[in-house]
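Counting along the sequence shown from 1, when you hit position 131 you're at 212 in my numbering, and nothing is skipped either side.
Below: one structure, written as structure tokens.
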Amino acid sequence: MSQEPFFSEAESRSEQEAIGVASFILSLRAKGIRDTALLRAMELVPRDVFAPRRFRDLSRTDVALPLPCGQTMTAPGTVATMLLALGLASGQRILEIGTGTGYVSALMAHRGADVTTVERFNTLAESARQHLNIVEAGRVRVEVGDGLAARVRDRFDRILLNGAWPDIPATLTSLLGPGGRLVGALAEEGTPRLVQIDRLQDGEFSRNLGGPLRISRLVAGIAATL
Numbered sequence: 082m083s084q085e086p087f088f089s090e091a092e093s094r095s096e097q098e099a100i101g102v103a104s105f106i107l108s109l110r111a112k113g114i115r116d117t118a119l120l121r122a123m124e125l126v127p128r129d130v131f132a133p134r135r136f137r138d139l140s141r142t143d144v145a146l147p148l149p150c151g152q153t154m155t156a157p158g159t160v161a162t163m164l165l166a167l168g169l170a171s172g173q174r175i176l177e178i179g180t181g182t183g184y185v186s187a188l189m190a191h192r193g194a195d196v197t198t199v200e201r202f203n204t205l206a207e208s209a210r211q212h213l214n215i216v217e218a219g220r221v222r223v224e225v226g227d228g229l230a231a232r233v234r235d236r237f238d239r240i241l242l243n244g245a246w247p248d249i250p251a252t253l254t255s256l257l258g259p260g261g262r263l264v265g266a267l268a269e270e271g272t273p274r275l276v277q278i279d280r281l282q283d284g285e286f287s288r289n290l291g292g293p294l295r296i297s298r299l300v301a302g303i304a305a306t307l
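Have a look at this one:
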């Protein structure tokens, strides 16, 4: 008589997933990411839901993944570095430039932020909406448009540029209220570098450059196709 396996296939798969998630979080900690709330969000928001299907086996590794429209899903370590610099807190109004898959939007929403995210490719924006619905990230509003363009009468506590740009345009920094912060990457010679711009209480700005970031360049305008 054959003996039934001690673990069912579903239990085995669940255990493997748990091990994969734990390994993923430990790899981020090994890179110096220590913020408990951020690590918890990255543990609970399933990156595999957002990753392209053919690369889902790599979704819990610290690598960038290719996306449709010639875009890239930023590596989790880079995402974590930028979100730490952003200084997220519950209730903040966030403007995100470059939605991509919607993964970063979901992380910020999980932290209690209200996110407006702008994507220049309609294909990616629609896909991101579907991903965000799956994980029930109800605090995210996805727009199709030019995220670098001027916005009228909007004010945000935080602005995140998911990409590198030669200089940070005033059309974005003007959207920050006193105490607001913008985080992105400057596309200088060589590898882009983390940049953090704070609007001080007197209305002036301070700018700090951080370390190198492996991140794609932003593109202005709305995509004519896709």
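Glycine residues also receive a C-beta, built at the ideal position from the N, C-alpha and C atoms.
N- and C-terminal bounds of the alpha helix (DSSP H) containing residue i
i      : result
Ala122 : Thr117 to Leu125
Pro157 : Pro157 to Leu167
Cβ neighbour criterion (16 or more within 10 Å) applied to residue i
i      : result
Thr197 : buried
Leu290 : exposed
Asp238 : buried
Arg110 : exposed
Val144 : exposed
Leu281 : exposed
Pro273 : buried
Gly292 : exposed
Asn243 : buried
Collapsed DSSP secondary structure at residue i in the structure displayed
i      : result
Thr272 : coil
Arg128 : helix
Gln282 : coil
Arg298 : strand
Ser83  : For Ser83, the pLDDT reaches just 45, beneath the cut-off of 50, and the residue's location in the model is therefore unreliable, leaving the point undetermined.
Enclosing beta strand (DSSP E) for residue i [first to last residue]
i      : result
Leu148 : It is not in any beta strand (DSSP E) - Leu148 carries neither H nor E in the DSSP assignment.
Phe286 : Phe286 to Pro293
Leu257 : Leu257 to Leu267
Distance cut-off 8 Å: residue i Cβ against heavy atoms of the ligand HEM
i      : result
Arg288 : As for the ligand HEM, it is missing from this structure, which has no ligand bound.
Proximity below 9 Å, CB of residue i to CB of residue j
i      : j      : result
Val199 : Gly228 : yes
Thr159 : Ile249 : no
Ile100 : Leu120 : no
Arg128 : Arg115 : no
Leu257 : Ile240 : yes
Ile178 : Gly265 : yes
Ala170 : Arg192 : yes
Taking only runs that begin and end inside the segment 173-255, name each unbroken beta strand (DSSP E) of 3 or more residues, in chain order. 174-178, 195-200, 221-225 and 237-246
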